[in-house]
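Q:
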Amino acid sequence: MHTQPHRDHGWYEARLEGYRRNELDDAERADVASHAAGCEQCAAWLSSADREDAIMQTMAGDVIANFDFDRARRGTENLIAVRRRQTWVLLTAVAVYCAVGVGIVSLRSPHRVWISAGAVLVLMGPPLGLLLLKDRVAAARARASLATGRIAISARRFESRVRVALALFQLNRAVIALLTALWGVLAFSAASGRGSLPGLVMLGILAALAPWLWRRWLAPSAVKREEELVRGRITLAEYRAAIALWPRRGEARR
Amino acid sequence: MSAPDFHAVYETARERILALCVHLTGNRALAEDAFQETFLLVHAHLAGFRGEADAGTWVYRIAVRVCLRLRDADRRQRRLRADAAAAMTEIRANSSPATEREDVFNALEALDDDHRTVLALMAVKGLTGPEIARVLDVPIGTVHSRAHRARALLRAALKSTSQVHPVDQADH
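For the record, the sequence lines run as chains A and B. Using our numbering, the final residue of the first sequence is 262, and nothing's skipped along the way. Using our numbering, the final residue of the second sequence is 176, and nothing's skipped along the way.
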């Protein structure tokens with residue numbers, strides 16, 4: 009069957025890929041071509057390789073045709089800008105935290121307790137601010153990504169980002185409750201000179217209510233809708249309608 | 005040597021990179037994520053690109069790494085959720101003829117990373133063998149032999165699929 013008996017079938021097989029990609033020199037190419045013309049196995053290999061490549065290319069073509077490259081590029085640049093801002097916020101927060109901490113440690117005033125209670129409030133600011141910023145940025149990024157295409161991501165990643173945002177949301181509540189209680193105990197101790205059980209109970213209630221109050225008054229409505237979406241209480245279409253955003257091209261059927 | 009311009013790199017490579025992401029992940033959503041992640045990394049590291057390799061080769065390498073990482077993460081998630089059936093995404097479902105494409109992508113899914121990667125790069129239009137060799141950092145002969153082995157494995161997988169679903173094949 010082989011037209012070149014001086015070369016075994018394996019030699020030709022190893023060059024079939026190069027042959028179909030036109031990457032052999034002229035002599036080898038002619039040799040492989042004459043072999044393939046007479047070898048059923050190699051001819052079948054070549055035709056099925058072409059078919060496999062064609063299938064893969066058609067699939068990629070479908071995706072490329074429905075992909076907005078310009079929007080994806082703008083999204084990438086926006087995402088990088090968001091990350092830069094976050095870095096600066098983090099650095100600023102760390103600097104403030106360090107400065108206030110050093111100030112408290114070196115304090116020699118008789119009103120040290122009151123000043124410390126105030127300082128705890130100040131110290132709460134940066135980490136809380138960061139946490140709040142982080143979940144809001146994550147949620148905003150997810151919203152923007154899916155709905156406006158500012159940051160091009162898929163619906164699947166949108167879901168995972170919303171989950172992360174909601175996890176941070178829960179963490180925020182816990183941290184706020186803890187810090188509120190801490191601040192309350194400090195303030196109460198400073199005011200009365202000693203702790204008391206009714207006071208502590210009252211502070212416990214306040215701490216328990218703090219997350220609810222925060223959520224009731226401060227949580228952005230879009231985050232609430234995202235929570236409902238992830239928990240399956242509303243559909244993606246209802247979520248989009250609720251926050252008045254439009255669907256991204258190619259995602260209508262999801 | 006000055007770093008290449010992001011826009012220029014993006015405009016030159018964008019369609020091929022998305023095609024590569026589709027071939028490597030077999031999944032539209034994952035491919036779009038991998039595409040974005042690739043260009044995020046390109047943007048972040050472009051200033052430090054020393055020009056030792058061609059910028060295109062460098063971007064392909066990043067894309068391959070990102071795709072394999074996202075695909076592994078996706079597989080782990082799917083195992084955790086035990087919803088492997090849901091992994092077939094709309095690209096396959098909407099394809100025509102659906103069965104043949106689905107079979108090819110199922111067979112690709114079964115290949116190891118080296119073999120799948122070489123086939124994915126081979127299927128990117130306009131990417132030459134020497135370029136693929138530079139992306140994978142192997143000699144051109146290795147690219148061809150790896151591709152040959154990958155196609156043999158792919159064909160064996162397709163053959164076993166057609167034996168498992170002879171009725172489906174006859175229907176199409």
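All residues carry an ideal CB built from backbone N, CA and C; glycine is no exception.
1. Could you confirm whether any beta carbon from chain B is found closer than 8 Å to the beta carbon of residue 2/A?
2. Would you check if the distance between the CB atom of residue 17/B and the CB atom of residue 70/B is smaller than 8 Å?
3. Between residue 72/A and residue 12/B, how many whole angstroms is the CB-CB distance? I'm expecting something under 8 Å.
4. With a Cβ-Cβ cutoff of 8 Å, do residue 25/A and residue 119/B count as a contact?
5. Less than 8 Å between the C-beta atoms of residue 111/B and residue 28/B, yes or no?
6. So residue 135/B contacts chain A; which residues on that side make the cut at Cβ distance below 7 Å?
7. Given that a residue counts as buried once 16 or more other Cβ atoms are within 10 Å of its Cβ, and exposed if not, what is residue 15/B?
8. In chain order, what residues of the same chain lie with their CB nearer than 8 Å to the CB of residue 198/B, ignoring the 5 residues before and after it?
9. Could you give the residue range of the alpha helix (DSSP H) that holds residue 134/B?
10. Would the stretch 33-44 of chain B and the stretch 70-80 of chain B be scored as touching if the rule is three or more Cβ pairs under 8 Å?
11. According to the neighbour-count rule (16 or more other Cβ atoms, all chains shown, within 10 Å of its Cβ), is residue 115/B buried or exposed?
12. With 16 other CB atoms within 10 Å as the buried threshold, where does residue 84/A fall?
13. Give the C-beta separation of residue 108/B and residue 60/A to the nearest angstrom, bearing in mind that I take them to be a contact with Cβ-Cβ under 8 Å.
14. Kindly indicate the opening and closing residues of the alpha helix (DSSP H) around residue 2/B.
15. Whether or not the stretch 42-49 of chain A and the stretch 75-82 of chain A are in contact is what I'm after, with contact meaning three or more pairs of Cβ atoms, one per stretch, closer than 8 Å; do they touch?
16. Let me see if you follow: with CB-CB separation under 8 Å, is residue 29/A close to chain B or not?
17. Would you identify the three-state DSSP class for residue 71/A, choosing helix, strand or coil?
18. Residues of chain A with CB closer than 7 Å to the CB of residue 32/B, please, in chain order.
19. So is residue 95/A in contact with chain B if we call contact Cβ pairs under 8 Å?
20. With 8 Å as the C-beta to C-beta threshold (strictly closer), list the residues of the stretch 47-66 of chain A near chain B in chain order.
21. By the criterion of Cβ-Cβ separation under 7 Å, what are the contact partners of residue 82/A in chain B?
22. Give every residue of the same chain whose Cβ lies closer than 8 Å to the Cβ of residue 53/B, excluding the five residues on either side of it in the sequence, and list them in chain order.
23. Is there a Cβ of chain B sitting closer than 8 Å to that of residue 41/A, yes or no?
24. Output the boundary residues of the alpha helix (DSSP H) element that contains residue 41/B.
25. Note down the Cα distance separating residue 66/A from residue 54/A, rounded to an integer number of angstroms.
26. Could you compute how far the alpha carbon of residue 117/B sits from the alpha carbon of residue 76/B?
27. Can you give me the Cβ contacts of residue 96/B inside the same chain, cut-off strictly under 8 Å, excluding the 5 residues immediately before and after it?
28. In chain order, what residues of the same chain lie with their CB nearer than 6 Å to the CB of residue 123/B, ignoring the 5 residues before and after it?
29. Out of curiosity, what's the CA-to-CA distance linking residue 39/A and residue 36/B?
30. Determine the burial state of residue 89/A: buried for a count of at least 16 other Cβ atoms within 10 Å of its Cβ, exposed for fewer.
31. I'd like to know if residue 24/A contacts chain B, where contact means its C-beta is closer than 8 Å to some C-beta of that chain.
32. Who are the neighbours of residue 105/B on chain A, taking C-beta pairs under 7 Å?
33. For residue 3/A and residue 141/B, I'd like the C-alpha separation in whole angstroms.
34. Measuring only the C-alpha atoms, how far is residue 157/B from residue 126/B?
35. Could you list which residues in chain A have their beta carbon closer than 8 Å to that of residue 64/B, in chain order?
36. Between residue 58/A and residue 100/A, what straight-line distance do the alpha-carbon atoms span, to the nearest angstrom?
A: The structure says:
1. In the structure displayed, chain A extends from 9 to 262; residue 2/A sits before or after that span and is not available.
2. no
3. Wrong, their Cβ atoms sit about 19 Å apart, outside the cutoff.
4. no
5. no
6. Ordered by position in chain A, no residue passes the 7 Å Cβ test against residue 135/B, which lies about 11 Å from the chain.
7. exposed
8. Outside the displayed range of chain B (5 to 176) lies residue 198/B, so it cannot be described from this structure.
9. 133-140
10. yes
11. Answer is buried; the Cβ neighbour count reaches 16.
12. buried
13. 6 Å
14. Lying before the first or after the last residue shown, residue 2/B is absent from chain B, which here runs from 5 to 176.
15. no
16. For residue 29/A, the answer is yes, since a Cβ of chain B falls inside 8 Å of its Cβ.
17. Here residue 71/A sits in helix by DSSP.
18. 71
19. no
20. 53, 56, 57, 60, 61, 63, 64, 65 and 66
21. Going along chain B, no residue has its Cβ under 7 Å from residue 82/A, so there is no contact; the nearest lies around 11 Å.
22. 7, 8, 59 and 62
23. no
24. Per DSSP, residue 41/B belongs to the alpha helix (DSSP H) from 32-49.
25. 18 Å
26. 10 Å
27. With a pLDDT of only 49 at residue 96/B, under the threshold of 50, the placement of this residue in the model should not be trusted, and no figure is reported.
28. 154
29. 42 Å
30. exposed
31. yes
32. 63 and 67
33. For chain A, the structure presents residues 9 to 262; residue 3/A sits outside this window and is missing.
34. 15 Å
35. What residue 64/B touches in chain A: nothing, since even the nearest Cβ is about 14 Å away.
36. Between residue 58/A and residue 100/A, the C-alpha separation is close to 58 Å.
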